[in-house]
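Numbering (the working numbering), first residue to last: 5 to 148.
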């Protein structure tokens, strides 16, 4: 009986000592805002066009467009075959310029634009590049 008592006491002391040696480790917090999704960014020039009078009210991708549409025409190199619908059609992109940024949809093709360039509707051009008298401005854009 006395032997069982000593074994129980010894067990209890062993448990207490082992709990005392366990340390809780807490890592540094991870903030989601510090994790940035890597995206391919394109740089080019922005110009503007009037869909109703330059190319017609339907873009190369199909949907109807006008001067107030939040769409862009993609340069011919990235668009691909100008006789068919591109894999870029309907893609949402963010366009950034000196006047601001805007989320828009690729809805058309720009045969005269170089790689990275976009042709913007007046509504988009004004928000991203600024004044129309500039006619052209540097931009960066990427898929969202």
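Idealized CB from N, CA, C, for every residue including glycine.
Count the other C-beta atoms from every protein chain shown that fall within 10 angstroms of the C-beta of residue 146, then say buried if there are 16 or more, exposed otherwise. exposed
What is the DSSP secondary structure of residue 126, reduced to helix, strand or coil? helix
With H, G and I counted as helix, E and B as strand and the rest as coil, what does DSSP make of residue 131? If DSSP states are grouped into helix, strand and coil, residue 131 belongs with the helices.
Compare the Cα-Cα distances from residue 87 to each of 140, 101, 104, 63 and report the closest residue. Closest option to residue 87, judged by alpha-carbon separation, among 140, 101, 104, 63: 63.
Pairwise C-alpha distance: residue 106 and residue 131: 7 Å
Beta strand (DSSP E) runs contained entirely in the segment 28–104, provided each spans 3 or more residues: With a minimum length of 3 residues, the continuous beta strand (DSSP E) runs that stay inside the segment 28–104 are 46–52, 75–79, 96–101.
What are the start and end residues of the beta strand (DSSP E) that includes residue 142? 141–147
Beta-carbon separation of residue 59 and residue 53 under 8 Å? yes
Going by Cα to Cα distance, which pick from 45, 144, 120 is closest to residue 83? It is 120.
When you compare each of 56, 148, 65 to residue 108 by their alpha carbons, which one comes out closest? 148
Check whether residue 74 and residue 122 have beta carbons under 8 Å apart: no
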